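The next block holds one structure in the form of structure tokens; read it before the comments.
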Amino acid sequence: MGSTRRSRNPLLLLATLWSIALPARGEAPPDYPDHGNLLVVRDAEGGQRPVESTADWEVRRGHILAHLQEVMGPLPGPERLAPLDWKVLAEFPEEGYVRKKVEFQAEPGDRVPAWLLIPDAPEDGEAPKRPAMLALHQTVAIGKDEPAGLGGKPDLWYARELAQRGYVVIAPDYPNFGEYHRDVYKMGYASASMKAIWNNKRAVDLLASLSEVDPERIGVIGHSLGGHNAIFTAAFEPRLKVVVSSCGFNAFPYYYKGDVAGWSHKGYMPRLREVYGLDLKRIPFDFPELIGALAPRPFFTCSPLHDANFDVDGVRVCLRAARPIYALYRAEDDLQAEFPDAEHSFEPGARMKAYEFLDQKLKAAR
């Protein structure tokens, strides 16, 4: 089964989407000493006012994304754009879908490997426009192969399971996992997190270019590394209409009792150590703000009660902080959480609820 590419100018499309609401480059955002209080917005002089409208929140949201870039480095601009020039390297028929080995050009000279899973067309009639998902893997050496169902833990084969539910799915490798090995710092990035965001945005470009895909119905899912990678990417990618994060976050004071060294290695954000000294009082963002920044888009988290990485109390702190922001948009029901009696896992019950959530938000949105 071949994929058809839409006739459009992807560079123009991405250049337009890149200009999402961010403060002007070089404009320092005001500091926020309490990252758990999302109901205030500050100005450059230090004055503050309550967040009483979605317009107020969009100003605060811009500050959040600016602070995130202080840690991750800037979101790439048009200078990183290049034609996707994506290629199918191999195809494998699977039960209910075709699994394609593909690669695409994320930026000039940098090609990213991925699996592209496309459900079989119905035997009678034209294939419908389908919802699509960006599937992001956990910390595992085989990278994209795990969500594609080629190894690792069956509970994390969500790309495969979603393809069998009728979604077109792309699963790329995170930097230095699977088949994708790069020194992102020599490429000019300040973090692997930002490089992953950029690559993921290009993967969304690829999905949106497919004739099988409804570009208005694209979501993202991930576990652990993939869980926060999903949040980070969605914060900068408005085309991701639904976000599912399993075991992906909590508020920094609850992460190993406030020891955020695990976030500071070269696979994430070295500036947390190099610039901010791992000092929570100096780090300019936290996850309550990032969950709020996703509003009003539907968000589902699987946060097990016994997750040793992401203490569930810190997850609840984030959700409590973000709920009033969802309320501003009258979208309280779109902020959902499942707290299974489990450890650091995406166990079947929670996973099925996540899929039902996706079906409700993406399949019913035709």
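For the sequence shown, the tail end lands on 1301 under the working numbering, and the numbers increase by one without skipping.
Ideal Cβ positions, reconstructed from N, Cα and C, are used throughout, including at glycine.
A quick note: this is a predicted structure, and the numbers were derived from the prediction, not measured.
Per DSSP, which one or two residues make a beta bridge with residue i?
i	result
residue 1168	Partner(s): none; residue 1168 has no beta bridge.
residue 1180	1157, 1236
residue 1175	1153
residue 1033	1028, 1053
residue 1187	DSSP output for residue 1187 lists no bridge partner at all.
residue 975	985
residue 1045	1042
residue 1270	1234
residue 1264	Beta-bridge pairing links residue 1264 to no other residue.
So what's residue i in DSSP terms, helix, strand or just coil?
i	result
residue 1100	coil
residue 1067	strand
residue 1073	coil
residue 1201	coil
residue 1088	coil
residue 1259	helix
residue 1289	helix
residue 1094	helix
residue 963	coil
residue 1105	strand
residue 1277	coil
residue 1225	helix
Among the options, which has the Cα closest to the Cα of residue i?
i	options	result
residue 1278	1230, 1142, 1181, 1030	1181
residue 1276	1027, 1257, 1285	1285
residue 998	1090, 978, 1032, 1242	978
residue 1083	1224, 1218, 1034	1034
residue 1226	1208, 1253, 1119	1253
residue 1001	1171, 1251, 1261	1171
Where residue i and residue j are concerned, what is the direct C-alpha to C-alpha distance, given to the nearest angstrom?
i	j	result
residue 1221	residue 1187	6 Å
residue 1112	residue 1212	27 Å
residue 1092	residue 984	46 Å
residue 1077	residue 1110	12 Å
residue 1014	residue 1058	44 Å
residue 1264	residue 1026	43 Å
residue 1004	residue 1195	18 Å
Quick check on residue i - is its C-beta less than 8 Å from some C-beta in chain B?
i	result
residue 1192	No chain B is part of this structure, which consists of one protein chain only.
Assuming residue i contacts residue j under a Cβ cut-off of 8 Å, what Cβ separation, rounded to an integer in Å, is found between them?
i	j	result
residue 1099	residue 1031	5 Å
residue 1293	residue 1177	6 Å
residue 1054	residue 1103	7 Å
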